[in-house]
Amino acid sequence: MTTGCAKQAWAWSAMLVVAVSVVVLWLAARRDGAATGALESPRAPQAAATRAVEPGERAAPTVASLEPADSSREPFAPGPVPSGTTVEAHLPLTVHTRSSMIPNAASVGDVEFAVIVGPMRGPDARELARARTDANGDALVAVPWHEVAMAQTDPQARLGVRVIGAGFQQRTQAMRVPAEPTPQELTVLGVAGGTLVGRLLGIDGTPHAGTVRAVALEPDVRAVSAGVDVFGPRGWFELHLILPGVYDLTADTPDGAGGTASLRGLTVSFTYPAQRIELVLAGNGALRGRVVDVEGAPAAALTLIARAVELGDGTDDSDAMRSVRDAFTRDGRGRAESEVRTAADGSFELRGLRAGRFRIFASVDEGFGIGHVLTPEPVDSAPGPPLELVFSRPHLAVRIVEPDGTPWSGSAALGTPSRWGSTVAWPKEPTLIVAPPPDDASYDARGLACLRGQVVDGVYVFECEAQRTYQVGLIGGGQPWRPLDVLVPAHASRVEVVVTRAPAAELGTWLVRARDAESEARGLAVRCSIEDSTTGFALLREWGHAVQPWRFELPAGEYRVAVEGEAELDLYHGVLTEERVLGRVEKLARVVAGRESTIELSLGAGARLRLTLRGATSDADRAAVSKPGWRYFDSVEDRASVAEIALFAPNRRPEPVWFRWELDGTSAAGTHLRATLALGESELSEVVSAGRFELVARLPGGRVARAPVELVDGRTADVELVFD
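Just so you know, we're using our numbering here: the sequence shown kicks off at 1 and counts up by one.
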């Protein structure tokens, strides 16, 4: 009997605690809500969109606007709690409206918002409560817990806060549905403007994922792109706009299979109710087939680019061509350009294309070049028989085997050029590297000089040049750098290479210190590299300042350690922020397995070149720059007159000679560096390494002008190169 009474007393106590908590929440909401108003308020304006429909054109379909919250459900209004009643649990949610998501961002007061649960885009989210933030941009809302708990079974559902106030974009911030009605907190953006809501559908009415963009035509035609959003569940999207006006909408799908969509001349006003825009994808064209090499073997891992003939080869950056590209994008009748990679058997399929004629280009390389034409005669995207294409570009096919000749069961990483990365430790896993020939003047001093490749069914494929020798080898995982010299003969399309794994080698350690009084005082940028002693290939490298030591781990053997001054460039645009003021110092030394050695180096001031180029362009130069992949200059004559400049020394990679050039009118405006000089120009170079070199200038057609130079720290050498 005593136990029963105790249980009953405990139950009444629990109910009393809940009742008191509810009253406290109500008092807090009432206190903070003096400036916010009732939790249920009229629905705020959204973005409405209308446009004129031209004769014979299909109007943009609309769907019903979202209905207001269920008015039959009584809003939460705590009052006296009668004895013996059950009190519904509520989840306390603190909401902040801020100008940005950075810490200590300015608050945005008097913003109306709704608490929702379910999908965060589209009309499927349930609205649980509404409130308005106070002058400090804060509000406290009591959310009915049983409605939140209903969403716990859906792993895609979220508990969110959506801005619905007039004059604001309908920004949404969400969290996972909590397991218990414990206090939660969300911060949402309060940004002036409005939101356009729509849906992306296929021709058959099925929803698609993709990206939508808006370009403002009025009131400011320069306001290009009002927003970019990824589509949510069931194809719904939201575009956050700053100003009402007239817009063109375009949509694209991630892989291009669904084609493109557009809606032209859309008049958007921030009013309620809003029409729901439907974008319908178009593009029934397709190109499919197979690519083989000249011997009939499958050409796997090729990047194929299909481009409408009206777009040329992709190298024309004139105003007229940009206008053509823009028109194709905005008409929404399918893709004018698409990309795909060939499968292991060389097969491919490009879908979602616009009706018309296309050229197909191919490349193993992921660089800026568009590749090699596989269809000298354009092909039609209309349904037809599969294409049989031949890729005659030479490439290396590398297989890795164990010492006994059996195929290696592991997987090697691919060494690819890394412009900004640092590698101070020998890789833990084997890495396959294909290095171009040492005499290649087209060398980026900021990255590893190696080819890009792809892996197909355990074979590592690298596009290369004919009549060149390449170094192929492994580093990492205890593998020392012992490259093979591989000659690619003329007219070869596929060269098979077998790389044998070596027994794991024990590592040793180097501590490298570079001293220079000026750099220690100013903290000047330098780069430290561990190079192969015979080719100068950079195995490990690190950027920093000359004061601190570098620690490198690598297999036992002889290497070259080099420290040189470094120019500092803006990470995103390559704008020069700090010039190079130090030269280069190097030393051959041996790493001993299991031991740590210290290497002390002293840096010089470096040298400069005042270089003048003489000569005239040739037909070979003009023909070379007319090929795909050339840009940045308006005329063929300008492109043909530009020579690459580099310094060459035995057992070292070429060192580019950098010159300044100015760029304006873009976000990348400022001083840039280039390792080129045009015929007839005379320029002072940036700081280069001191020592004895051969200075080489190479024109696009292959002509070379060269001269021996001896460069001294702190001095400038005057050199003139003449092309015959």
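We put the CB at the ideal spot given by N, CA and C, even for glycine. Remember, predicted model here, so these are calculated numbers, not experimental data.
Residue i, enclosing beta strand (DSSP E) - first and last residue
i, result
"E725", "Residue 725 is absent from the structure shown; the chain starts at 1 and stops at 724."
"T469", "R468 to I475"
"S597", "E596 to S602"
"A149", "That residue, A149, is in no beta strand (DSSP E); its alpha helix (DSSP H) goes W145 to A149."
"E185", "Q184 to L189"
"V117", "E112 to G118"
"D713", "Here D713 belongs to no beta strand (DSSP E), and DSSP marks it neither H nor E."
"D532", "A525 to D532"
"T577", "L576 to E578"
"T267", "T260 to S269"
"P555", "W550 to P555"
"F348", "S347 to L353"
"Y247", "G245 to D252"
"P654", "Counting along the chain, P654 falls outside any beta strand (DSSP E), and DSSP gives it neither H nor E."
"H485", "It is worth fixing the name first, because residue 485 is Asp in this sequence and not His. Its beta strand (DSSP E) spans residues L484 to V488."
"H672", "G670 to R674"
Pick from the options that is closest to residue i, judged by C-alpha positions
i, options, result
"E553", "A300, Y572, V592 and L582", "V592"
"D326", "A214, S100 and L507", "A214"
"V309", "E337, E295 and A282", "E337"
"P376", "R359, A567 and L387", "R359"
"R527", "A623, S682 and V581", "V581"
"R399", "R610, G410, R162 and P378", "G410"
"R494", "L396, L374 and S318", "L396"
"Q169", "R158, L389 and P244", "P244"
"P654", "Q184, M175, L451 and V688", "V688"
"P797", "A504, C464, L474 and R513", "For the chain, the structure presents residues 1 to 724; residue 797 sits outside this window and is missing."
"E566", "R541, P555, A589 and E402", "R541"
"D664", "V575, F462 and V324", "V575"
"R354", "T182, S597 and G258", "G258"
"A607", "A514, V499 and G714", "G714"
Buried versus exposed call for residue i [16 or more other C-beta atoms within 10 Å across all chains shown]
i, result
"W661", "exposed"
"T153", "exposed"
"I102", "exposed"
"S269", "exposed"
"P708", "exposed"
"Q467", "exposed"
"H90", "buried"
"S685", "buried"
"A705", "buried"
"G702", "exposed"
"V95", "buried"
"S682", "exposed"
"D252", "buried"
"D134", "buried"
"A34", "Residue placement at A34 is flagged as unreliable, the pLDDT there being 35, under the threshold of 50; the coordinate-derived value follows with that caveat. Exposed."
Inter-residue spacing [alpha-carbon to alpha-carbon] between residue i and residue j
i, j, result
"R121", "F237", "6 Å"
"Q173", "V280", "28 Å"
"G193", "S381", "42 Å"
"D345", "A261", "33 Å"
"A136", "A142", "Before going on, a small fix: residue 136 reads as Asn here, not Ala. Distance between the alpha carbons of N136 and A142 is about 19 Å."
"I164", "L239", "14 Å"
"A751", "A620", "There is simply no residue 751 to check, as the chain begins at 1 and stops at 724 in what is shown."
"W10", "V117", "Low local confidence applies: a pLDDT of 41 at W10 is under 50, so the model's placement there is unreliable, and no value is given."
"G453", "F391", "16 Å"
"H573", "A669", "8 Å"
"R501", "P555", "14 Å"
"D724", "P700", "14 Å"
"V657", "P383", "52 Å"
"A717", "A646", "15 Å"
"A623", "E429", "44 Å"
"G190", "V177", "23 Å"
"K587", "L487", "30 Å"
Terminal residues of the alpha helix (DSSP H) in which residue i lies
i, result
"A327", "D319 to D331"
"A643", "First-last for A643: V642 to F648, but that is the beta strand (DSSP E), not the alpha helix (DSSP H)."
"T624", "Residue identity differs from the one stated: residue 624 is Ala in this sequence, not Thr. Element bounds for A624: D619 to V625."
Residue-level contact to chain C via CB, residue i, 8 Å cutoff
i, result
"G109", "In the displayed structure, chain C is absent; only one protein chain is listed."
beta-carbon residue i near the ligand NAP non-hydrogen atom, thresh 7 Å
i, result
"V143", "In the structure on display, the ligand NAP does not appear, and there are no ligands present to speak of."
(request) Check whether the stretch 667 to 685 touches the stretch 637 to 651, counting contact only when three or more Cβ pairs, one atom from each stretch, lie closer than 8 Å. (result) yes
(message) So, does the stretch 692 to 703 touch the stretch 594 to 608, judging by three or more C-beta pairs under 8 Å?
(response) no
(request) Decide if the stretch 279 to 297 is in contact with the stretch 193 to 200; the criterion is three or more beta carbon pairs, one per stretch, under 8 Å apart. (result) yes
(request) Tell me, please, whether the stretch 557 to 569 touches the stretch 526 to 545 by the rule of three or more beta-carbon pairs shorter than 8 Å. (result) yes
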